[in-house]
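First comes the structure, then the notes that go with it.
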Amino acid sequence: MTRSWSVSSPRRSARNRAASPSLIQEIIEISRLQGGESVVDHHVIDLGAVVEEVCEGAEMHAESKQVTLVAEPARASVGHG
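Residue numbers for the sequence shown follow my numbering, beginning at 32 and rising by one.
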């Protein structure tokens, strides 16, 4: 019987190492959910930055469809507390 072994490229190894922590975190969260433990992480985020990032990510697709994306800053702030 012949066995073949493949050696990963350095780029693939680096990508796998980078993905490992997030994969481990996701497995831990799934385990917590299955055990009935809450995994909600409450923290403040900058919604303006999120909207801007989403628009930038969709910009090329929008342009290919001849659509213009416009994001305007919010006029009021929403707080919690």
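Don't be surprised by glycine CBs; every beta carbon is placed ideally from N, CA and C.
Pairwise C-alpha distance: residue j and residue i
i    : j    : result
V75  : V85  : 18 Å
I58  : H73  : 20 Å
R63  : P52  : 17 Å
L78  : G66  : 31 Å
H92  : S69  : 37 Å
L100 : G88  : 11 Å
V98  : E90  : 9 Å
E83  : A102 : 7 Å
E60  : V81  : 23 Å
I55  : P104 : 37 Å
For residue i, three-class secondary structure by DSSP
i    : result
G88  : helix
A102 : coil
I61  : helix
I76  : coil
S69  : coil
Q56  : helix
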